[in-house]
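Only one structure is covered here, and it is reproduced in the block below.
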Amino acid sequence: QFGGGISTEVALHSGAKEVTVAEGNRAVLEAFHSNVIRNFTGDILSKVRVIDYEGRHFLAHTKDRFDVIDLSLADSVGLSNPGGFAITEKFSYTKEAMETYMRALAPGGVLSVTLWNKEEPPKSVLKLYATMAAAAREVDPAHMANSFFVASSYLSTATVLYKNGGFTPEEVDKLRAHTRSMSFDEIYSPGLFYDSSQTDSTLAGYVEQIFAGAAGGPPAAQPAESTGTASDADAGADAAAGKADDAPPSGKTDDGVLPATVMGRLAWHALIAGQWPEVADRYVFNTRALTNDAPYFAAYVKTADLPRVLDRLELLQDEWGYLLIWATLGVACLTATVLLVIPLIWGWRAVFSQSPGKALTVLYFACLGAGYIMVEVGLIAHFVMALGNPTISASVLITGMLVFSGLGALTSERALPHMRTVMPVLFVAVGAMLILYGLFLGQALDAIGAFPYPARLIICFLLIAPPAFLMGFPMPVAMTTLGRLGKDHMFVWAWGVNGCFSVIGAAAAPVIATNFGLAAVIEVAGLAYLLAIPAFYGVIASDQRPSPGARPAGA
1 QFGGGISTEV ALHSGAKEVT VAEGNRAVLE AFHSNVIRNF TGDILSKVRV
51 IDYEGRHFLA HTKDRFDVID LSLADSVGLS NPGGFAITEK FSYTKEAMET
101 YMRALAPGGV LSVTLWNKEE PPKSVLKLYA TMAAAAREVD PAHMANSFFV
151 ASSYLSTATV LYKNGGFTPE EVDKLRAHTR SMSFDEIYSP GLFYDSSQTD
201 STLAGYVEQI FAGAAGGPPA AQPAESTGTA SDADAGADAA AGKADDAPPS
251 GKTDDGVLPA TVMGRLAWHA LIAGQWPEVA DRYVFNTRAL TNDAPYFAAY
301 VKTADLPRVL DRLELLQDEW GYLLIWATLG VACLTATVLL VIPLIWGWRA
351 VFSQSPGKAL TVLYFACLGA GYIMVEVGLI AHFVMALGNP TISASVLITG
401 MLVFSGLGAL TSERALPHMR TVMPVLFVAV GAMLILYGLF LGQALDAIGA
451 FPYPARLIIC FLLIAPPAFL MGFPMPVAMT TLGRLGKDHM FVWAWGVNGC
501 FSVIGAAAAP VIATNFGLAA VIEVAGLAYL LAIPAFYGVI ASDQRPSPGA
551 RPAGA
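The working numbering numbers the first residue of the sequence shown as 1 and each following residue consecutively.
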């Protein structure tokens, strides 16, 4: 990946015969073509083969095989953190992407991935380790144990090397010597011994560091027969009093290795042995592998731990971005409740009058509001996979939704005479389509990633058309029906319900995506449209009670 060009300069100065760089951000390429930067860099782009889209898409479709594939500090995670890491998709680091990189290696080729490692306790690097190990288990499980060499520098960077076919003992010796000369910590290499007796104390130490003294948290771990110093005891007392900071758990291992290094070695020992799920369950943070469906480095706090982190926020500054989406959802729900209750206070007679289908009408407009916005938010995140840019993805998606939904709304009047039969079929079509999109859209977008950019834009735009067109029908049909049936007292309130649940749906979408995956967002939206089928019959229910003073027929 080109990025700022540092890895490219290294490759050129190392005597590489041919260098291929991939850069999906066209602004970067345009900047390097400008006179100032071109002169400063010696016109570096003219010396290499340039791919103007994501490297993972190029490698998935090319027949070329490479001696070195480098993904070094391609992301800014860890550089600065003024307000917590944002919840953004990192498709270049997913399990599927790593599999693509590994399969694109020539025999004996090396994949090098370097990531910022500025977190204590470690978080991002453990997700990277889990992701690359899962990819290697798919690509070449027989040589997995001999295929990795991992080194890190505490609170700086971590580098994972994967060699197609495995490292030889001589290569391992050279890597170890270089690691020692650079004062790096050796995290994993073929044959590296790990003392499994450290597992329980390391995992318990990190849990105590974060949650000791927290409301609802576990009690401070009781030490085994203590041989520690007074400073160790003081550190434990501070942790129990809730005064822990970003320092590692008190005490080091017998050989002076920091707990973060021990945790890295523990992780690789478990990953190679196939025991990672058990270790991950006991670790203080979520360390699941990144996938195309869940491409997030953020969202470390486990859902079950949310209540007890509220008084530990000073320890989780890099996770505020994730915690904020939960807070946003809570504020959205509270605000929507207030806004929907206000009309009940001032117009309770109309709201609670004996009008048929009132509860189902509320449910109907809630389903439409939440379902529509969740489709928008979910598809924006999906389209980043093919378009490589969130801004362009949002522009294409919002434009497509407005255009095709508008055409659907314009056509909806034709459905009014037959709405009792047409609308249920339409809802089934929308629900089924969205569920299928959730299941297969990711693979389709990944497949078109190497197409010319205009073609990708057009395909994404056309993918929006079928569901968006049909999603333009339900709202105008229902609003027109309310007016025709004389349910004017429900008209404005239904509009408000739709708007409030649109806000709730927008806030819920990232929560669902980070916990259950991007596909789940689209599938939940599909279920919302299916749930609108029975609710629709409440909208079209008419008041058939006889008017006051009317005589029954035949009387």
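Glycine included, each C-beta is placed from N, C-alpha and C at the ideal position.
Predicted, not measured: the structure shown is a model, and the values here were computed from it.
Query	Result
Given Ala-432, which residues of its chain have a CB within under 8 angstroms of its CB, disregarding the five upstream and five downstream residues?	Gly-526
Using the three-state DSSP reduction, which class does Phe-451 fall into: helix, strand or coil?	coil
How do the region 278 to 293 and the region 130 to 144 stand: do at least 3 beta-carbon pairs fall below 8 angstroms, yes or no?	yes
Does the contact criterion of 3 or more C-beta pairs under 8 angstroms hold for the region 531 to 538 versus the region 316 to 326?	no
Checking 8 angstroms against the spacing of the C-beta atoms, do Met-490 and Val-430 come in under that value?	no
How many Å lie between Leu-407 and Ile-51 at the Cα?	38 angstroms
When the distance is taken between beta carbons, is Glu-18 closer than 8 angstroms to Arg-65?	no
Return the CA-CA distance between Val-503 and Val-375, expressed in angstroms with no decimal places.	13 angstroms
Work out the CA separation of Thr-20 and Leu-441 for me, nearest whole Å.	29 angstroms
Taking the straight line between their C-alpha atoms, what separation do you get for Gly-499 and Phe-184?	55 angstroms
Looking only at C-alpha atoms, which of Leu-445, Met-419 and Pro-417 sits nearest to Val-384?	Leu-445
Would you list the residues sitting across from Trp-561 in a DSSP beta bridge?	Only positions 1 to 555 of the chain appear in the structure, and residue 561 is not among them; the question remains open.
Excluding the 5 residues preceding and the 5 following Val-125 in the sequence, name in chain order all residues of the same chain whose CB lies nearer than 8 angstroms to its CB.	Leu-115, Asn-117, Glu-119, Ser-152, Ala-158 and Gly-264
Taking the straight line between their C-alpha atoms, what separation do you get for Phe-285 and Glu-96?	23 angstroms
What does the alpha-carbon distance come out to for the pair Gly-5 and Val-28?	10 angstroms
Could you check what DSSP says for Thr-94 in three-state terms: helix, strand or coil?	coil
Taking the C-alpha atoms as reference points, what is the distance between Val-139 and Leu-315?	38 angstroms
Would you kindly report the start and end of the unbroken alpha helix (DSSP H) that includes Glu-186?	That residue, Glu-186, is in no alpha helix (DSSP H); its beta strand (DSSP E) goes 185 to 188.
Who are Arg-49's beta bridge partners in DSSP?	Thr-20
When you compare only the Cα positions, how much space is there between Ala-394 and Ala-508?	18 angstroms
Inspect the beta-carbon positions of Leu-340 and Val-497 and report whether they are closer than 8 angstroms.	yes
Considering just the uninterrupted stretch of the alpha helix (DSSP H) at Leu-71, what are its terminal residues?	Run containing Leu-71: none in the alpha helix (DSSP H); it sits in the beta strand (DSSP E), 66 to 72.
By DSSP, does Pro-82 sit in helix, in strand, or in coil?	The predicted model places Pro-82 with a pLDDT of 42, which falls under 50 and marks its position as unreliable, so this point remains unresolved.
In whole angstroms, what is the alpha-carbon distance linking Thr-41 and Gln-317?	37 angstroms
Quick check: what's the CA-CA separation for Ala-22 versus Ser-412?	46 angstroms
So, are the CB atoms of Asn-556 and Pro-107 less than 8 angstroms apart?	This structure cannot settle anything about residue 556, because the visible part of the chain is limited to 1 through 555.
Could you spell out where the beta strand (DSSP E) holding Phe-473 opens and where it closes?	Note, Phe-473: premise wrong, no beta strand (DSSP E); not H, not E.
I'd like the list of long-range same chain contacts for Ala-465, defined as Cβ closer than 6 angstroms, with 5 residues on each side in sequence excluded.	Phe-404
Which of helix, strand or coil does DSSP assign to Phe-193?	coil
Considering Ser-152, what are the terminal residues of the beta strand (DSSP E) in which it resides?	148 to 152
Using a Cβ-Cβ cutoff of less than 6 angstroms, which residues in the same chain neighbour Gly-505 once the five nearest sequence positions on both sides are dropped?	Ala-370, Ile-373 and Met-374
Specify the secondary structure class of Gly-108 as computed by DSSP and reduced to three states.	strand
Do Tyr-188 and Trp-268 have their CB atoms nearer than 8 angstroms?	yes
Can you tell which of Phe-451, Ala-528 and Leu-416 has its C-alpha closest to the C-alpha of Arg-484?	Leu-416
Quick test of your reading: Leu-387 and Arg-456, contact by CB under 8 angstroms. State the CB separation rounded to the nearest angstrom.	6 angstroms
In three-state terms, what does DSSP make of Tyr-537?	helix
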